[in-house]
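*Asks:* Counting along the sequence shown from 1, when you hit position 49 you're at 48 in numbering that gives the first Met the number 0, and nothing is skipped either side. Backbone N, C-alpha and C fix where the C-beta goes; we use that ideal spot for every residue, glycine too. On a predicted model such as this, the values are computed, not experimentally measured, just so you know. One structure follows; several queries about it will come next.
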Amino acid sequence: MKIPYNFPALALLVVSPLGADMLEDANRMLCVPGDVSYCVSDIGCKTELPEDKNIPEFIEVDLKRKTLATTKASGEGRSTPIGSQQRQDGHIYLQGVENGRTFSMVISETTGNLTFAIATDGETATGFGDCTPD
């Protein structure tokens with residue numbers, strides 16, 4: 000049984016083979032997702048491909064505009080507001096709420112490594128990814 004779940008544009012980043020760059024002064028970055036661990040209450044967890052969960056191939060993070068968005072080349076036109084952002088101890092912390100889902104992301108400014116979590120009533124998705132200055 001396939002469990003339908005559509006993520007907002009933000010919910011994107013996960014494990015990627017790409018090397019990441021220093022992001023200490025970056026206000027715009029491009030992030031690439033990999034596999035995501037998707038869990039449903041009373042059913043369990045499984046690894047999913049990002050595209051199976053409606054997660055874009057590339058995500059543009061714009062800290063000045065406080066948005067996560069798909070690239071123009073994708074033709075999707077998706078954008079998600081960042082409700083809270085903070086830089087602290089070499090990390091960028093992003094959080095937000097959209098369409099009944101909450102998200103939280105941590106991006107390392109020195110390596111570009113990304114960790115994220117998305118939650119809604121009875122469902123979660125977690126993953127890793129890489130970000131590079133845009």
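Kindly identify the DSSP beta-bridge partner or partners of leucine 93.
*Replies:* What you label residue 93 is simply residue 94 of the sequence shown in a count that begins at 1. Note: leucine 93 sits in a beta bridge opposite Gln84, Met104.
*Asks:* Would alanine 124 be called buried (16 or more neighbouring beta carbons within 10 Å of its own) or exposed?
*Replies:* By 1-based counting over the sequence shown, the position of residue 124 is 125. Flag for alanine 124 reads buried.
*Asks:* Per DSSP, leucine 113 forms a beta bridge with which residues?
*Replies:* Locating residue 113 in the sequence shown gives position 114, where the first residue counts as 1. DSSP, once it has assigned bridges, lists Ile106, Gly128 as partnering leucine 113.
*Asks:* So the candidates are Met21, Cys44, Ile42; which of them puts its Cα closest to the Cα of cysteine 30?
*Replies:* Taking the first residue of the sequence shown as 1, we reach residue 30 at position 31. Measuring from the Cα of cysteine 30, the nearest candidate turns out to be Met21.
*Asks:* What span of residues does the beta strand (DSSP E) with methionine 28 cover, start to end?
*Replies:* As a first step, residue 28 must be located in the sequence shown, where it is residue number 29. Segment 27 to 39, the beta strand (DSSP E) holding methionine 28.
*Asks:* Going by DSSP, name the residue or residues bridged to aspartate 61.
*Replies:* Translated into the one-based positions of the sequence shown, residue 61 becomes position 62. According to DSSP, aspartate 61 bridges with Arg27, Thr66.
*Asks:* In this structure, does DSSP put glutamate 75 in helix, strand or coil?
*Replies:* As a working mapping, residue 75 is identified with position 76 in the sequence shown. In this structure, glutamate 75 counts as coil in the three-state DSSP scheme.
*Asks:* Flag this pair as yes or no: are the beta carbons of glutamate 47 and aspartate 34 separated by less than 8 Å?
*Replies:* Within the sequence shown, the letter at position 48 stands for residue 47. Within the sequence shown, the letter at position 35 stands for residue 34. In contact: glutamate 47 and aspartate 34 (Cβ atoms closer than 8 Å).
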